[in-house]
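Enquirer: Here the protein sequences come in this chain order: A and B.
Take the first sequence: its position 2, counted from the start at 1, is 2 in the UniProt record's numbering, and no numbers get skipped.
Take the second sequence: its position 865, counted from the start at 1, is 865 in the UniProt record's numbering, and no numbers get skipped.
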Amino acid sequence: MPGLQAGSPPEEIQQQIVRETFHLVLKRDDNICNFLEGGSLIGGADYKLIYRHYATLYFVFCVDSSESELGILDLIQVFVETLDKCFENVCELDLIFHMDKVHYILQEVVMGGMVLETNMNEIVAQIEAQNRLEKSEGGLSAAPARAVSAVKNMNLPEIPRNINIGDLNIKVPNLSQFV
Amino acid sequence: MYNLLRESLPQMGFEDEQLFCKEIIRRKAVLALYKFHLIAPNQVQHIHIKFQKALCDRDVGVMAASLHIYHRMIKENSSGYKDLTGSFVTILKQVVGGKLPVDFNYHSVPAPWLQIQLLRILRLLGKDDQRTSELMYDVLDESLRRAELNHNVTYAILFECVHTVYSIYPKSELLEKAAKCIGKFVLSPKINLKYLGLKALTYVIQQDPTLALQHQMTIIECLDHPDPIIKRETLELLYRITNAQNITVIVQKMLEYLHQSKEEYIIVNLTMNAVFSVGGDVMNPDIPNNFLRLLAEGFDDETEDQQLRLYAVQSYLTLLDVENVFYPQRFLQVMSWVLGEYSYLLDKETPEEVITKLYKLLMNDSISSETKAWLIAAVTKLTPQAHSSNIVERLIQEFTVSLDTCLRQHAFELKHLYENAELMKSLLPLNKSCEDMVVDASLSFLDSHVAEALSQGAAPYKPHHQRQEEKLSQEKGLNFEPYGLSFSSSGFTGRQSPAGISLGSDISGNSAEIGLKETSSLKLEGIQKLWGKEGYLPKKESKTGDETEAPPVSQESIIENVDQTITKKDPSQALTQSKEEKEKQLLASSLFVGLGSESTVNLLGKADTISHKFRRKSKVKEAISGEKTSAHNMTRSSFSSPTNVTYEEDYYLDNLRDGRDKELEKFALSEELLGSESLSEPPLVEKLSECQQPAPSLFADDMEVFHPPRSTSASLASESSLASLLEETTEHMHSDLTEVCNTETMSLSSYKIWKDDCLLMVWLVSNKNGSELEGVNLEIAPAENFKITEQPGCCLPIIEAENTKNFQYSVQMEKPFTEGNLSGFINYQMMNTHAVQLEFSVNLSLLDFIRPLKISTEDFGKLWLSFANDVKQNVKMSESQAALPSALKTLQRKLRLHVVDIIGSEGLLACQLLPSIPCLLHFRVHGDVLALWFRSSCSTLPDYLLYQCQKVMEGS
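(1) Are the C-beta of Glu128(A) and some C-beta of chain B separated by less than 8 Å?
(2) By how many angstroms is the C-alpha of Leu223(B) removed from the C-alpha of Val124(A)?
(3) May I have the straight-line CA-CA distance separating Met111(A) from Phe399(B), to the nearest angstrom?
(4) Could you round the C-beta distance between Arg27(B) and Leu116(A) to whole angstroms and report it? I think they count as a contact, below 8 Å.
(5) Hey, does Ala65(B) have any beta-carbon neighbour from chain A nearer than 8 Å?
(6) Between Phe61(A) and chain B, is any beta-carbon pair separated by less than 8 Å?
(7) From the DSSP output, which residues share a beta bridge with Ala65(B)?
(8) What does Met111(A) reach in chain B if we use C-beta pairs closer than 8 Å?
(9) Considering only residues of the same chain and omitting the five flanking positions on each side of Phe159(B), which have a CB-CB separation below 6 Å?
(10) How would you label Lys194(B), buried or exposed, when you count the other beta carbons within 10 angstroms and need 16 or more for buried?
(11) Counting only Cβ pairs nearer than 7 Å, list the residues of chain B close to Val115(A).
(12) Just to confirm before moving on: does the CB-CB distance between Ile69(B) and Leu125(B) stay below 8 Å?
(13) Would you say the beta carbon of Ser167(B) is closer than 7 Å to some non-hydrogen atom of the ligand PLP?
(14) If distances are taken between C-alpha atoms only, which option among Leu375(B), Leu417(B) and Cys181(B) comes closest to Gln214(B)?
(15) Mind reading off the beta-carbon distance from Ser841(B) to Ser823(B)? Whole number of angstroms is fine, and I expect it under 8 Å.
(16) Would a C-beta distance cut-off of 8 Å place Pro920(B) and Arg935(B) closer than the cut-off?
(17) Just list the residues that DSSP pairs Thr804(B) with in beta bridges.
(18) Whole angstroms are fine: how far does the CA of Leu140(B) sit from the CA of Val96(B)?
(19) Return the chain-ordered list of same chain residues with a C-beta closer than 7 Å to the C-beta of residue 1030(B), the five sequence neighbours on each side being excluded.
(20) By DSSP's criteria, Met813(B) is part of a beta bridge. Which residues make up the other side?
(21) Round the Cβ separation of Tyr166(B) and Gln207(B) to the nearest angstrom and send it over; I've been treating them as touching at under 8 Å.
(22) So who's on the other strand from Asn869(B), going by DSSP bridges?
(23) Determine the direct distance from the alpha carbon of Asn869(B) to that of Ser939(B), and round the result to whole angstroms.
(24) How would you label Cys161(B), buried or exposed, when you count the other beta carbons within 10 angstroms and need 16 or more for buried?
(25) When the distance is taken between beta carbons, is Gln329(B) closer than 8 Å to Thr371(B)?
(26) Rounded to a whole number of angstroms, what is the C-alpha to C-alpha distance between Arg924(B) and Val30(B)?
(27) Going by Cα to Cα distance, which pick from Met335(B), Ala411(B) and Tyr327(B) is closest to Tyr311(B)?
(28) Do Trp763(B) and Phe807(B) have their beta-carbon atoms positioned less than 8 Å apart in this structure?
(29) Based on the DSSP output, what are the partners of Ser841(B) in its beta bridges?
(30) Using the Cα positions of Tyr106(B) and Cys949(B), report the straight-line distance between them to the nearest angstrom.
(31) Within 10 angstroms of its Cβ, does Pro694(B) collect 16 or more other Cβ (buried), or is it exposed?
(32) List, in chain order, every chain D residue whose beta-carbon is nearer than 8 Å to that of Glu11(A).
(33) Terminal residues of the continuous beta strand (DSSP E) containing His53(A)?
(34) State yes or no: is the beta carbon of Phe104(B) nearer than 8 Å to at least one beta carbon in chain A?
(35) Does the stretch 98–107 of chain A come close enough to the stretch 77–88 of chain A to have 3 or more Cβ pairs within less than 8 Å?
(36) What did DSSP end up calling Ile753(B) once you bin it into helix, strand or coil?
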């Protein structure tokens, strides 16, 4: 479950969470509900797993009690539809080979554990702008100075990476688990 | 706009202020600010204005981002943001009304997530606040109306809306609509919606248990649902509707679930254990008790019982093996009882091992002394089964010197039983927790001992009231009460003094726990279950349990009820009622029994309110009958319920509260009697092995503290006249006797009796001389603020030698004030000398004229609105009182306010100034600040009361 809490659980715990969540979710039929009470691993009774099942993919969000279950279900839908738009007919391979992009998209939707944007067109527009930037600059690995000047010139939002001050221990809807 | 960011941004390489024109950047900046706020809330106080700016931003996204911040801040302190309610309502109205750009629509629902967030904020704001709630009724109504159920996300909004409607100050119209919506959820074929419906029901059930009746068949179906999550939610719901009648069935269902879930679900925290460890200390004490009773009495099948018990023992032992886990106290108590009773079922582990585990717990500092008492009791029960018992010896050694009286008591009991193995075995047989033991209630075996003591010159036993008189008459006797707790002098002596004093000493022990936490009431319930007026109860109770499962009368009516609902739902279904169906209905009737009627609604366990702590009168009486018998029959019961002493505390609190209950008082006396009887003996513990009965010592330890002084210097008054006076005064609370003036020949003392309708001042003139006093006349000077009426009853102006006479005046307050003086003079003449005139004065405070006003919450609401004069003030509390219950107690005790209701962290209190000026108080606790809000029909009274409150709360 990448990026569950920046800097908090160590790698192996993260892996364990992913594993256990996967087992929990996999066992469930399609005709039972999409909510799971959290075990001690994900922070106790206050946390819930909310998942959606698309063919071979499971999208699992872990949220605390201050989120609406149905709201999150639809948020997953928005996220998946956005992925579909960005990758044009998304499939598993897209996600596996472009994990970074998936994360950018997720960051547009959810930031710092809070739902930031639910408007699909807006998200797609931001991502496209980002793609354009990447292409023109030869990827994000380019020298920081060049990136900065590019941002300046183009007024494009590369801000999230810069002002994302590590997540605190707040609810973190999460992308996880690609099967 | 965002200075803070502007300052930090240049370092990050952003200098272009034009960036802030971009919405997306403003939006993310808001989140960044929020992070700042989370990291160091105190250092970024000034960004609150920025939050407000963000809320008013022309871009919807920025506004939505700021809602996260407000949601969190309002969650922390809702009262600080009430003024924003209007803004949130307006925003929601605009969103619901479709004023947003179309691209915010999701499946043609305008900005659903925004709506959800707003509804959540409104829920927090409107909680228990009528004014704020009124602002949002309209928009909620519109939300409910507009939500067309065509998509998942509308259900999400609807759910939030319903939840909000039930959380804020209720409005019947909205509640009706919301109830209908819940129906849509519950009856939905979609499993997610059903889950939410059940969840909504659990919220709602506390306010409106009848709603569960409407959906009982659905609930029953959900009980057998293949999805464990649904099942768990259903059990959660059932747990909320638990009452005395259906508890057995519900716990049975939970236990069934426990067995199933063992196989099908790894996370075992969905079991009873979870209920205990999660619900733990806040849950209704009935639950663990009933669970224990169920374990003890068992079902029909003996082998199944044994299996269940074995399972419980094993699971608890595993739980205890886990390191560094803290279980709720109540859960530990349940564990210790079960381990004590049923460890013998274990094959592999010896009693020694179990004892070792219990001992480890005992050594844990985080465990309350009440729980420790349970633990020691469990060890005591296990000791006879153990072969070697070094640990028991060590335990005895450590706890016989414990500072906690109760623990020391238990340790001594264990010690003496341990020395006499035979007695111990007969006293603590295996698996006999449900059987009665014959007890010599009159303690006749002590007679010879008493006679012996008397013949050796011991003082004969004096009944309590006699000692009380003596005490009153020793004007300058020693103060035997603990220092600093002598509040009894201000209001709780006299008639209630047995209770008052013992309360005093108890408080010194563990003031934090008394009656505030429900923990101590656990004992009470426990005893009630096992002992009753007629003796031992379980047999009868199990009978009622059977009735619950198939109550002949109520069942019919409920089945009828069910039939109706079914007919409504699907007529054909009703016609072809399968056997299974009938079974379900039977189950329904047993589950929902007692839900409809008013009386049982009260019994519903509202796990999260504190209103439980003041038990109803009827319950108190039950408790007394329980106590009465347990006090007399105390043998085994003292072990299966280790802390009778805490139970007493409870009882005394109730006594205080329900002060006028004669029966209570009588019993207080007889109980005191029992206690002090054992007192006149040498420490009973040492005699334990001789007298065969461990019983009375339980009380002995506790009573020692307030053993009244037996001084003979009854200097002031003749006992007879005082006794007669006392008789009168016992009906009301009164103050201590204070001397107002004194000469060689006579002394004048006074005390106040706080009668229901007036303040009665009594002056006692006692003649200390050998000859009679003549022309005795006492007059009270008319005072500005008081109306003084002389009470008839004393007209002879002569006081005989060594005699006492009293003058009584009833005093009423004409207009409110804080403190005033009542002065007067007394004339008298000795034989053959000239007349003497002595002046005196007495201080009267406003509080002398304040009486509790017993009204219902509804009346409170009506009165509240009708009063024009109000005063608001925040008062800082002294540390010791910084919690709602203790603040409440202080107000109740010191100011004599009546507690009308407690809602969350708010309390409603009412009092009246005699003769009949009502004053209402609403208060709320934030940390150590108490927000007081007085309202009264009198313009000055709130101010004066506030002053008194401040005095009391600040501990001056």
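Glycine is no exception: its CB is placed at the ideal position from the N, C-alpha and C atoms.
Bear in mind the structure is a predicted one, so any value in this text is a computation, not a measurement.
Expert: The answer reads as follows:
(1) Here the question's residue 128(A) lines up with position 128 in the first sequence. When Cβ-Cβ separations below 8 Å define contact, Glu128(A) makes no contact with chain B.
(2) For the purposes of this step, residue 124(A) is identified with residue 124 of the first sequence, where counting begins at 1. For the purposes of this step, residue 223(B) is identified with residue 223 of the second sequence, where counting begins at 1. The straight-line gap from Cα to Cα measures roughly 44 Å.
(3) On the first sequence, residue 111(A) is found 111 positions in, with the first residue counted as 1. On the second sequence, residue 399(B) is found 399 positions in, with the first residue counted as 1. Each residue's Cα considered, the two are about 56 Å apart.
(4) Start at 1 with the first residue of the second sequence, and residue 27(B) comes out as number 27. Start at 1 with the first residue of the first sequence, and residue 116(A) comes out as number 116. The Cβ separation is near 7 Å, so the contact holds.
(5) Within the second sequence, the letter at position 65 stands for residue 65(B). At least one chain A Cβ lies under 8 Å of Ala65(B).
(6) Within the first sequence, residue 61(A) is the residue found at index 61, counting from 1. No, its Cβ sits nowhere closer than 8 Å to a Cβ of chain B.
(7) Position 65 of the second sequence holds residue 65(B). None, per the DSSP bridge assignment.
(8) Here residue 111(A) is taken as the residue at index 111 of the first sequence, counted from 1. Near Met111(A) (Cβ distances below 8 Å), the residues of chain B are Lys28 and Leu31.
(9) Residue mapping note: residue 159(B) aligns to position 159 of the second sequence, counting from 1. Excluding residues within five positions, the ones whose Cβ falls inside 6 Å are Leu196.
(10) Translated into positions along the second sequence, residue 194(B) becomes position 194. Lys194(B) is buried by the Cβ-count criterion.
(11) Walking along the first sequence from the start, residue 115(A) turns up at place 115. Under the 7 Å cutoff, chain B gives Trp113.
(12) Mapped onto the second sequence, residue 69(B) falls at position 69. Mapped onto the second sequence, residue 125(B) falls at position 125. For Ile69(B) and Leu125(B), no; Cβs fall outside 8 Å.
(13) Absence of the ligand PLP is noted for the structure shown, with no ligands found whatsoever.
(14) Here residue 214(B) is taken as the residue at index 214 of the second sequence, counted from 1. Here the closest residue by C-alpha is Cys181(B).
(15) Here the question's residue 841(B) lines up with position 841 in the second sequence. Here the question's residue 823(B) lines up with position 823 in the second sequence. So it is a contact: roughly 4 Å between Cβ atoms.
(16) Here residue 920(B) corresponds to residue number 920 of the second sequence, with the count starting at 1. Here residue 935(B) corresponds to residue number 935 of the second sequence, with the count starting at 1. Residue identity differs from the one stated: residue 920(B) is Leu in this sequence, not Pro. Yes. Within cutoff.
(17) For the purposes of this step, residue 804(B) is taken as residue 804 along the second sequence, with counting starting at 1. Thr804(B) pairs with Ser766(B).
(18) Counted from its first residue, the second sequence places residue 96(B) at position 96. Counted from its first residue, the second sequence places residue 140(B) at position 140. Using only the alpha carbons, I get a separation of about 10 Å.
(19) As shown, chain B starts at 1 and ends at 956. That puts residue 1030(B) outside it, with no answer to give.
(20) Reading the second sequence from its first residue, position 813 is the one you call residue 813(B). Met813(B) is bridged to Phe786(B).
(21) As a first step, residue 166(B) must be located in the second sequence, where it is residue number 166. As a first step, residue 207(B) must be located in the second sequence, where it is residue number 207. Indeed they touch by this definition, with Cβ atoms about 6 Å apart.
(22) Numbered from its first residue, the second sequence carries residue 869(B) at position 869. In DSSP, Asn869(B) forms a bridge with Ser936(B).
(23) Taking the first residue of the second sequence as 1, we reach residue 939(B) at position 939. Taking the first residue of the second sequence as 1, we reach residue 869(B) at position 869. Rounded to the nearest angstrom, the two C-alpha atoms are 5 Å apart.
(24) The sequence position of residue 161(B) within the second sequence is 161, counting from 1. By the neighbour-count rule (16 or more Cβ atoms within 10 Å), Cys161(B) is buried.
(25) Along the second sequence, one-based indexing puts residue 371(B) at 371. Along the second sequence, one-based indexing puts residue 329(B) at 329. It is a contact, given that the beta carbons lie within the stated cut-off.
(26) The residue you call residue 924(B) lines up with position 924 of the second sequence. The residue you call residue 30(B) lines up with position 30 of the second sequence. Computed Cα separation, rounded: 32 Å.
(27) Counting from 1 along the second sequence, the entry for residue 311(B) is found at position 311. It is Met335(B).
(28) Reading the second sequence from its first residue, position 807 is the one you call residue 807(B). Reading the second sequence from its first residue, position 763 is the one you call residue 763(B). Phe807(B) places its beta carbon less than 8 Å from that of Trp763(B).
(29) Reading the second sequence from its first residue, position 841 is the one you call residue 841(B). Answer is Ser823(B).
(30) Position 106 of the second sequence holds residue 106(B). Position 949 of the second sequence holds residue 949(B). CA-to-CA, the gap between Tyr106(B) and Cys949(B) works out to about 54 Å.
(31) Reading the second sequence from its first residue, position 694 is the one you call residue 694(B). Bear in mind that the predicted position of Pro694(B) carries a pLDDT of just 39, short of 50, making it unreliable; the figure below should be weighed with that in mind. Its Cβ being crowded by 16 or more others within 10 Å, Pro694(B) is buried.
(32) Structure shown: chain D not included; protein chains present are A and B.
(33) Start at 1 with the first residue of the first sequence, and residue 53(A) comes out as number 53. Residues Tyr47 to Tyr54.
(34) Residue 104(B) sits at position 104 when you count from the first residue of the second sequence. Taking Cβ atoms only, chain A reaches closer than 8 Å to Phe104(B), which makes this a yes.
(35) yes
(36) Looking up residue 753(B) in the second sequence gives position 753. Ile753(B): strand per DSSP, three-state reduction.
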